[in-house]
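Residues 7 to 260, numbered by the working numbering, are exactly what the sequence shown covers, in order. One structure below.
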Amino acid sequence: MFFRQILNDETACASYVFGCNTAGELAVVDAHADLVDEYVTAAEAQGSRIAAVIETHVQADHVSGLPELVERTSATAYLPEAAGVDFDHHALADGELITLGNTVIQAVATPGHTAAHHAYLVTDHRRGDEPWMVLTGDALLVGDAGRPDLHAHGEQTVEEMARVLHRSLTDRLLALPDHLLLYPAHYSGSVCGRGLSGHPASTIGFERRHNDALAFDSEDAFVAALIADVPPEPEHQAEIVAANRSGARRSSIA
Ligand SMILES: [Fe+2]
7 MFFRQILNDE
17 TACASYVFGC
27 NTAGELAVVD
37 AHADLVDEYV
47 TAAEAQGSRI
57 AAVIETHVQA
67 DHVSGLPELV
77 ERTSATAYLP
87 EAAGVDFDHH
97 ALADGELITL
107 GNTVIQAVAT
117 PGHTAAHHAY
127 LVTDHRRGDE
137 PWMVLTGDAL
147 LVGDAGRPDL
157 HAHGEQTVEE
167 MARVLHRSLT
177 DRLLALPDHL
187 LLYPAHYSGS
197 VCGRGLSGHP
207 ASTIGFERRH
217 NDALAFDSED
227 AFVAALIADV
237 PPEPEHQAEI
247 VAANRSGARR
257 SSIA
């Protein structure tokens with residue numbers, strides 16, 4: 007299995023290129039608009055093609071590289087079902103699989119940061135028939151849980167989103183084995199979490215033991231702490247979300 011984490015320090019975003027070089031098929035998860043050349047170059051260096059461009063959710067803090075990457079590679083775009091975007095894509099249901107040779111990606115519905123949010127379990131069948139890692143998007147970060155306020159709107163309050171996130175964490179992500187590698191969508195410097203680690207990787211077990219956002223023994227305590235001190239909103243948030251829903255290639259947003 008080929009796997010590379012590709013970082014953007016300007017927005018503290020983590021993205022991923024991985025998949026099966028035997029089959030010659032790779033996926034990009036949470037592509038950043040400024041890194042499209044890097045994804046294409048990484049795939050070319052492996053002699054593989056980018057077959058799948060996958061989002062954990064519609065991002066609010068940076069413009070996605072998905073539209074340009076799909077246009078350049080003819081890959082299939084995958085988003086969580088009910089993501090609310092206006093471009094052609096495959097809407098992934100909870101539990102659905104994407105198979106790239108020996109690499110299998112399974113969607114795990116983990117709403118709360120956004121109403122439509124998936125984590126992705128990754129299994130490399132060359133190594134074993136159980137998941138090796140989980141890409142957690144903005145649901146679970148290294149040192150914090152995702153903020154619940156950015157996508158809350160009339161139907162769901164910030165508190166309701168925080169409650170949904172708590173259930174996603176306890177019922178889905180913390181139900182995973184401790185040894186699973188954990189790769190988030192952001193790290194230190196991002197406005198998408200508080201006090202994030204500068205190390206953009208962890209394990210489920212380490213976060214279970216040492217993530218302050220998970221240190222509460224009730225949903226009410228988790229929610230109260232999560233909504234008590236949310237970070238400032240990302241700059242140009244509304245424009246970025248609109249661009250990411252429209253599927254426009256790189257916009258003029260700073
Ligand atoms: Fe996000």
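Ideal placement from N, C-alpha and C gives every residue a C-beta, glycine not left out. As the structure is a computational prediction, the values presented were derived from the model and not from experiment.
Secondary structure at residue 103: strand, using DSSP grouped into helix, strand and coil. Straight across, the Cα-Cα distance linking residue 41 with residue 95 is about 21 angstroms. DSSP places residue 173 inside the alpha helix (DSSP H), whose first and last residues are 164 to 174. Taking a contact to require three or more Cβ pairs closer than 8 angstroms, the region 205 to 213 and the region 171 to 190 qualify as touching.
Collapsing the DSSP output to three states places residue 124 in a strand. CA-to-CA, the gap between residue 164 and residue 84 works out to about 26 angstroms. Only residues of its own chain outside the window of five on either side were considered, and among them 59 and 83 have a CB closer than 6 angstroms to the CB of residue 76, listed in chain order.
Proximity of the beta carbon of residue 198 to ligand 1 is indicated: a heavy atom of the ligand is located closer than 7 angstroms. Short of 8 angstroms from the beta carbon of residue 199, and not among the five residues preceding or following it, lie these beta carbons of its own chain, in chain order: 144, 147, 149, 150, 151, 152, 153, 192 and 237. For residue 67, the distance from the CB to the nearest heavy atom of ligand 1 is below 7 angstroms. Where residue 228 is concerned, there is no enclosing beta strand (DSSP E), although the alpha helix (DSSP H) around it starts and stops at 225 to 234. For residue 211, the enclosing alpha helix (DSSP H) starts and ends at 210 to 216.
Of 16, 251, 22 and 9, the smallest CA-CA separation from residue 190 is found for 22. For residue 144, the shortest C-beta to heavy atom distance toward ligand 1 is below 7 angstroms. Residue 141 holds the alpha-carbon nearest to the alpha-carbon of residue 34 among 248, 229, 197 and 141. In the structure shown, the three-state DSSP call for residue 37 is coil. Residue environment analysis places residue 101 among the exposed positions, since fewer than 16 neighbouring C-beta atoms fall within 10 angstroms of its C-beta. Each of 80, 81 and 36 was checked against the Cα of residue 63, and the nearest Cα belongs to 36. In this structure, the straight-line span from the alpha carbon of residue 169 to that of residue 197 is close to 20 angstroms. Taking a contact to require three or more Cβ pairs closer than 8 angstroms, the region 126 to 137 and the region 47 to 57 do not qualify as touching. The residues 129, in chain order, have a CB closer than 8 angstroms to that of residue 135 in the same chain once the five nearest residues on each side in sequence are set aside. The Cβ-Cβ distance between residue 246 and residue 240 falls below 8 angstroms.
With respect to residue 86, residue 123 sits close: the two C-beta atoms are nearer than 8 angstroms. Residue 157 holds the alpha-carbon nearest to the alpha-carbon of residue 251 among 13, 116, 157 and 162. When the beta-carbon positions are compared, residue 253 and residue 67 stay at least 8 angstroms from each other. At least one heavy atom of ligand 1 lies closer than 7 angstroms to the C-beta of residue 63.
In the three-state reduction of the DSSP assignment, residue 150 falls in the strand class.
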